[in-house]
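Q: I am attaching a structure below and will ask some questions about it afterwards.
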Amino acid sequence: MSLLLRGWATLVALLPWLMLIAGFEHPALWEVFRPLCHQEAARSLSLDGLQMMICSRCAGIYLGVAVGVWSPFRISIGHFRVLLMVALAVMGAHVALQNIWLGIHHPVRLTTGLLLGMLLGALLSVAIRNIAETSAS
Amino acid sequence: MMEESAPGKFKFMAIGGVIGGVLSSIPCLSALNCCFCLLIGVGSYLAVKLWLDADASTKLTMGDAAMLGAGSGAIAGVITAVLGALMSLITGPMQQEMMMELFQELDVDPQLLAMVDQTGSGAMAGLCIGLIVSPLLYGLFGALWAIAGASLMHKDRME
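Printed below as a string of structure tokens:
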């Protein structure tokens with residue numbers, strides 16, 4: 001059960017990455033991601049001329065969720081709240097600085113997204129463990 | 138002693154899902170989803186909140202929050218896909234016609250004209266892809282919002 005749910009979360013979170021690597025795109029998939037991301041070309045990663053369906057910050061969040069969901073640690077709610085504030089502060093600071101001074105740097109956008117995504121993924125990992133334990137008992 | 142059972146979840150998933158899905162389908166307002174799927178999150182968090190409010194003695198586990206959020210997000214995904222396809226069926230032919238007229242006036246490449254002419258035929262394929270991918274994707278984000286919202290707002294009710 002736990003493996004199945006983690007697999008689902010990983011596969012869904014990696015979907016835009018897999019589409020980019022496979023070089024597959026369909027207008028309907030762009031439509032699916034359109035409400036979730038601005039999809040601005042200048043702020044998105046591309047491979048061999050093919051643009052990713054989400055921006056690089058969202059790509060970091062998705063990748064972070066896919067990694068974080070396999071976290072072996074049981075993050076406590078107290079720790080989550082503190083770490084969430086830190087991750088949001090780092091991301092917020094970069095959003096502000098990017099627009100007024102730093103410019104668009106995909107590695108930084110990816111990293112700030114990754115931090116937030118990993119944290120949320122780790123919390124989802126706790127929830128999945130909880131569902132698996134409940135269904136087993 | 139009979140054990141008290143927690144209220145059923147589907148009703149609350151449906152309420153959250155319908156609210157999240159309809160809000161996400163409103164043009165302009167749907168742009169709020171760019172902020173980490175905010176509108177899907179609103180529906181998912183609402184599902185958790187209403188479920189907790191239904192019985193004051195119910196304790197919330199992380200698993201409960203994730204299931205409520207995932208269910209609500211998945212329902213919102215289905216609604217968004219269906220409403221999105223309906224919108225494109227209604228407005229698509231008009232947009233297509235306008236583009237064709239404009240391109241013909243501008244004497245555009247015939248290949249491009251043929252492409253525009255065929256755009257309407259993908260509506261059904263779009264609906265099928267949307268119905269498969271949107272519930273999975275929105276379900277994941279619904280679950281994330283629900284567990285994050287529950288951790289931040291209902292720490293005292295969590296087991």
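Residue numbers (my numbering), protein chains in the order written: chain A, 1 to 137; chain B, 138 to 296.
C-beta: ideal position from N, C-alpha, C; glycine also.
For the region 272-295 of chain B, which residues have a beta carbon sitting closer than 7 Å to at least one beta carbon of chain A?
A: Against chain A - using a Cβ distance shorter than 7 Å - the residues of the region 272-295 of chain B are Leu273, Leu274, Leu277, Ala280, Leu281, Ile284, Ala285, Ser288, Leu289, Lys292, Met295.
Q: Which two residues bound the contiguous alpha helix (DSSP H) that contains Cys58(A)?
A: Looking at the DSSP string, the run of the alpha helix (DSSP H) that includes Cys58(A) is 56-68.
Q: If Ala151(B) sits next to Ala207(B), beta carbons under 8 Å apart, how far is it from one beta carbon to the other, in whole angstroms?
A: At roughly 13 Å, the Cβ-Cβ gap does not stay under 8 Å, so Ala151(B) and Ala207(B) are not in contact.
Q: By the DSSP assignment, the alpha helix (DSSP H) with Arg129(A) in it spans what residues?
A: Taken as a continuous stretch (DSSP letters only), the alpha helix (DSSP H) holding Arg129(A) covers 106-136.
Q: Nearest by alpha-carbon distance to Glu25(A): which of Glu234(B), Ile266(B), Thr198(B), Ile177(B) is it?
A: If we check each option's Cα against that of Glu25(A), Ile266(B) comes out closest.
Q: Whole angstroms are fine: how far does the CA of Lys196(B) sit from the CA of Trp188(B)?
A: Distance between the alpha carbons of Trp188(B) and Lys196(B): 10 Å.
Q: Return the Cβ separation of Ala285(B) and Leu120(A) in integer angstroms, given the expectation that the two are a contact with Cβ distance under 8 Å.
A: Correct: roughly 6 Å between the Cβ atoms.
Q: Relative to the alpha-carbon of Met91(A), which residue among Phe173(B), Asp244(B), Glu296(B), Ile156(B) has its alpha-carbon at the smallest distance?
A: Answer by Cα proximity: Phe173(B).
Q: Are the C-beta of Val95(A) and some C-beta of chain B separated by less than 8 Å?
A: Judged by the 8 Å Cβ criterion, Val95(A) is not in contact with chain B.
Q: When you compare the CB positions of Pro35(A) and Ser209(B), do they come within less than 8 Å of one another, or not?
A: Their beta carbons are not under 8 Å apart, which means Pro35(A) does not touch Ser209(B) by this criterion.
Q: Do Ala213(B) and Gly154(B) have their CB atoms nearer than 8 Å?
A: Contact: yes.
Q: Compute the beta-carbon to beta-carbon distance between Val215(B) and Leu175(B), rounded to the nearest angstrom, for a pair I have assumed lies under 8 Å.
A: Contact doesn't hold; Cβ gap of about 19 Å is too wide.
Q: Thinking C-alpha only, which one of Val82(A), Ala132(A), Gly64(A) is nearest Gly116(A)?
A: In the sequence as presented, Gly is not what sits at residue 116(A); that position holds Leu. Nearest of Val82(A), Ala132(A), Gly64(A) to Leu116(A), Cα basis: Gly64(A).
Q: For the 8 Å Cβ check, are there 3 or more pairs between the region 67-85 of chain A and the region 16-32 of chain A?
A: No, the region 67-85 of chain A is not in contact with the region 16-32 of chain A.
Q: Could you name the residues of chain A that Ser167(B) contacts, counting a contact when the two beta carbons are closer than 8 Å?
A: Within chain A, the residues near Ser167(B) are Pro35.
Q: Do you know whose CA, among Ala203(B), Pro164(B), Asp244(B), Met290(B), lies nearest Ser181(B)'s CA?
A: Nearest option by C-alpha distance: Ala203(B).
Q: Return the CA-CA distance between Gly7(A) and Leu277(B), expressed in angstroms with no decimal places.
A: So the alpha carbons of these two residues sit roughly 12 Å apart.
Q: Please name the residue, chosen from Gly178(B), Cys165(B), Ala287(B), Asp293(B), that lies closest to Ala211(B) on a Cα-to-Cα basis.
A: For the residues Gly178(B), Cys165(B), Ala287(B), Asp293(B), the minimum Cα distance to Ala211(B) belongs to Gly178(B).
Q: Going along chain A in order, which residues have a C-beta closer than 9 Å to the C-beta of Met236(B)?
A: Neighbours of Met236(B) on chain A: none; closest Cβ ~15 Å, over 9 Å.
Q: Nearest by alpha-carbon distance to Leu274(B): which of Met1(A), Leu45(A), Ser2(A), Val12(A) is it?
A: It is Val12(A).
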